[in-house]
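Just below is one structure, and these are the notes that go with it.
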């Protein structure tokens, strides 16, 4: 059974940093491209970033480019999202999703809440 | 970037009604589209993949159609548990994009 478990969310001041983790189980992470998707309060989902299976390719939404970095440790079956220079508009639930331009598996984690506020 | 224009943004319907939601892509995306249902405080749940394939476990009253730029989600007979927000998602190219959502509520 595929499971995606996010962690690392929390409260941070504007300009601060957080690193999110996603522990994947039930499949071999290196065989799949993965994405982070976020959803701000009362808004629709927004794709944030994707990582190629081997970790050698990354894609980003314009809204986070240059501030966020996606990475993975396939030996630990874990996906990461390093978020720097956080802004109030980054406040959202962040989901780890088995999703890419190569396919949508429909598997989402439960999400982790990031709140950016002074 | 591929824009996904979803309509309507909201609708009111009665139990038993037939409901249709559409998504139009700003460029062709073949059949690389999914439909999701989301209830308040819950994770989005996929209903349809590949534009027209029903996700396992999803009731057969849900169906999807379309290819290229125009897509439709149909609920043949609305049930009380279907009142929710629905989103389309294109996964043909980065950036992946969602439709703006359709909130289906009780008339």
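Chains as they are written, first to last, in the working numbering: chain X, 1 to 118; chain G, 119 to 225.
Just so you know, even glycine gets a beta-carbon here, dropped at the ideal spot from N, CA and C.
Because the structure is a prediction, the values reported are computed rather than measured.
Tell me whether residue i sits in a helix, a strand or coil according to DSSP, three-state version.
| i | result |
| --- | --- |
| residue 31 of chain X | helix |
| residue 76 of chain X | helix |
| residue 135 of chain G | coil |
| residue 223 of chain G | strand |
| residue 169 of chain G | coil |
| residue 46 of chain X | strand |
| residue 119 of chain G | coil |
| residue 1 of chain X | coil |
Report the rounded CA-to-CA distance for residue i versus residue j, giving the unit in angstroms.
| i | j | result |
| --- | --- | --- |
| residue 156 of chain G | residue 205 of chain G | 8 Å |
| residue 108 of chain X | residue 48 of chain X | 14 Å |
| residue 119 of chain G | residue 208 of chain G | 11 Å |
| residue 131 of chain G | residue 201 of chain G | 9 Å |
| residue 102 of chain X | residue 8 of chain X | 27 Å |
| residue 18 of chain X | residue 58 of chain X | 19 Å |
| residue 153 of chain G | residue 142 of chain G | 13 Å |
| residue 70 of chain X | residue 79 of chain X | 8 Å |
| residue 92 of chain X | residue 63 of chain X | 13 Å |
| residue 116 of chain X | residue 83 of chain X | 11 Å |
| residue 158 of chain G | residue 76 of chain X | 33 Å |
| residue 72 of chain X | residue 121 of chain G | 29 Å |
Please decide whether residue i counts as near chain G, where near means a Cβ-Cβ distance under 7 Å.
| i | result |
| --- | --- |
| residue 41 of chain X | no |
| residue 127 of chain X | The structure shown does not extend to residue 127 of chain X, since chain X is modelled only from 1 through 118, so no value can be given for it. |
| residue 61 of chain X | yes |
| residue 53 of chain X | no |
| residue 73 of chain X | no |
| residue 106 of chain X | yes |
| residue 65 of chain X | no |
| residue 101 of chain X | yes |
| residue 14 of chain X | no |
| residue 9 of chain X | no |
Could you round the C-beta distance between residue i and residue j to whole angstroms and report it? I think they count as a contact, below 8 Å.
| i | j | result |
| --- | --- | --- |
| residue 50 of chain X | residue 33 of chain X | 6 Å |
| residue 178 of chain G | residue 136 of chain G | Residue 178 of chain G to residue 136 of chain G, Cβ: 14 Å. No contact. |
| residue 164 of chain G | residue 106 of chain X | 4 Å |
| residue 10 of chain X | residue 97 of chain X | Between residue 97 of chain X and residue 10 of chain X the Cβ distance is about 20 Å, and since that is not below 8 Å, they are no contact. |
| residue 86 of chain X | residue 16 of chain X | 5 Å |
| residue 123 of chain G | residue 190 of chain G | About 13 Å separates the two Cβ atoms, so there is no contact after all. |
Is there a C-beta anywhere in chain X that falls below 7 Å from the one on residue i?
| i | result |
| --- | --- |
| residue 213 of chain G | yes |
| residue 164 of chain G | yes |
| residue 161 of chain G | yes |
| residue 186 of chain G | no |
| residue 204 of chain G | no |
| residue 216 of chain G | yes |
Could you name the residues that DSSP lists as bridge partners for residue i?
| i | result |
| --- | --- |
| residue 59 of chain X | X/50 |
| residue 129 of chain G | G/222 |
| residue 90 of chain X | Bridge partners of residue 90 of chain X: none, in fact. |
| residue 104 of chain X | X/99 |
The ligand GTP heavy atoms versus the CB of residue i: any closer than 6 Å?
| i | result |
| --- | --- |
| residue 104 of chain X | This structure lacks the ligand GTP, and indeed carries no ligand of any kind. |
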